[in-house]
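Residue numbering for the sequence shown follows our numbering, beginning at 115 and increasing consecutively. Notes for the one structure printed next.
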Amino acid sequence: MAPLSSPVSPVSASPRAPVLSLDISLASYHAIQEAIIAAAHRHESRTACFANVHMTVEGTHDVAFAQLVNEADWVTADGVPLTWAIRLLQGLPQERVAGIDMLPDLVRRAAEEQLPVFFYGSTPDVLAKTVAVCQERYPSLQLAGTLSPPFRPLTEAEESDVIDTINTSGARLVFVALGCPKQERWMAQMRGRVQAVMLGIGGALPILAGTQRRSPRWMQQNGLEWVFRLAVEPRRLFKRYAVTNSLFLLYLTRQFWRTKRGADSRRQHIL
115 MAPLSSPVSP VSASPRAPVL SLDISLASYH AIQEAIIAAA HRHESRTACF
165 ANVHMTVEGT HDVAFAQLVN EADWVTADGV PLTWAIRLLQ GLPQERVAGI
215 DMLPDLVRRA AEEQLPVFFY GSTPDVLAKT VAVCQERYPS LQLAGTLSPP
265 FRPLTEAEES DVIDTINTSG ARLVFVALGC PKQERWMAQM RGRVQAVMLG
315 IGGALPILAG TQRRSPRWMQ QNGLEWVFRL AVEPRRLFKR YAVTNSLFLL
365 YLTRQFWRTK RGADSRRQHI L
């Protein structure tokens with residue numbers, strides 16, 4: 115069993131378990147949602163990363179990226195394969211805490227508890243549809259604003275304008291849809307500068323907006339959501355899934371045997 119790590123901040127009080135390069139928060143879906151809402155009420159600058167297979171492999175290839183993700187207040191097991199990995203490596207049950215589920219739940223909570231929300235990223239069309247859906251489903255929601263930045267890097271002046279726009283909007287929750295790894299890097303740079311809880315929800319936004327469909331529940335529960343997405347977008351996702359999923363299994367197998375050898379060595383030392 116690999117050693118658990120301590121939380122990075124008091125707000126994320128749960129211990130963490132290493133899966134490849136990332137330290138995954140060991141907490142229930144409900145506990146993490148409550149912690150996010152509490153931080154939003156306190157108007158704190160916090161970050162949440164929803165880690166899937168792609169992100170863990172990205173972190174394995176890029177140490178600096180892994181470090182900035184691990185410095186987030188919450189790094190959750192977004193994909194079912196990560197919950198399986200935690201059980202394999204730690205022998206611990208961990209429920210899935212997915213951004214695709216957390217996004218609508220947090221928007222609903224924000225409407226109920228008068229927490230203004232801001233949507234940053236994606237495209238103007240998806241943002242417009244998101245606003246329409248939110249206004250229909252959650253009429254009491256305080257929409258602080260939306261902003262679709264250009265795909266090129268922002269200048270310092272543009273970055274300052276973005277920070278001012280979000281902060282003056284009064285947003286308590288900022289949903290960031292720039293895609294991995296761009297959104298995680300952006301949130302790390304904005305921590306302490308954007309006075310709100312920032313959540314990297316990436317591909318969850320088009321589903322909330324209704325521009326993409328989600329897989330059936332039985333596929334979600336059995337770790338097959340990627341199969342559905344691949345069937346919907348084969349040209350865009352085939353190479354990514356074929357390579358990334360294979361690398362995840364390879365790296366996880368290596369980590370498992372390293373962990374097992376370490377445990378056996380410690381056991382022999384004790385005996």
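Every residue, glycine too, gets a C-beta built ideally from N, C-alpha and C.
- Item | Length-filtered (3 minimum) beta strand (DSSP E) runs lying within the segment 208-257 | 231-235
Item checked: Residues near H383 in its chain [Cβ-Cβ closer than 6 Å; skip 5 each side] -> Any reading at H383 needs caution, since the residue's pLDDT is 48, under 50, leaving its predicted position unreliable; the model's value is listed next. Cβ neighbours of H383 beyond the five flanking positions: none.
Starting from D137, follow its DSSP beta bridges and name the residues at the other end. The partner list for D137 (beta bridge, DSSP) reads P132.
Report task. Say whether the segment 168-185 touches the segment 221-238, bearing in mind that this needs 3 or more beta-carbon pairs closer than 8 Å, one atom from each stretch. Result -> no
Item to complete: State the CB to CB distance for the pair T244 and L322, rounded to an integer number of angstroms; the pair is presumed to be in contact (CB under 8 Å).
Response: At roughly 6 Å, the Cβ-Cβ gap stays under 8 Å, so T244 and L322 are in contact.
Q) Which residue comes first and which comes last in the beta strand (DSSP E) that contains L203? A) Premise fails: L203 lies in the alpha helix (DSSP H), 194-204, not in any beta strand (DSSP E).
ask   = What's the call for G316, buried or exposed, on a 16-neighbour Cβ count within 10 Å?
value = buried
Quiz item: Should R380 go down as buried or exposed, given a rule of 16 or more other Cβ atoms within 10 Å for buried?
Solution: Residue placement at R380 is flagged as unreliable, the pLDDT there being 49, under the threshold of 50; a coordinate-derived value is accordingly withheld.
Practice problem: Would you check if the distance between the CB atom of F164 and the CB atom of T190 is smaller than 8 Å? | Solution: yes
With R328 as the anchor, note down where its alpha helix (DSSP H) starts and where it stops. From DSSP, R328 is part of no alpha helix (DSSP H); its letter is neither H nor E.
task = Tell whether a beta-carbon distance below 8 Å holds between V311 and A153.
result = yes
Requested in this report: Could you check the C-alpha separation between L217 and Q249 for me, to the nearest Å?
Outcome: 15 Å
Exercise. Is it true that the CB of Y234 sits closer than 8 Å to the CB of L206?
Worked result: No, these two residues do not count as a Cβ contact at 8 Å.
Note to self: By the three-class DSSP mapping on this structure, what secondary structure does G306 have?
What the structure shows: In the structure shown, G306 sits in coil (DSSP, three-state: anything other than H, G, I, E or B).
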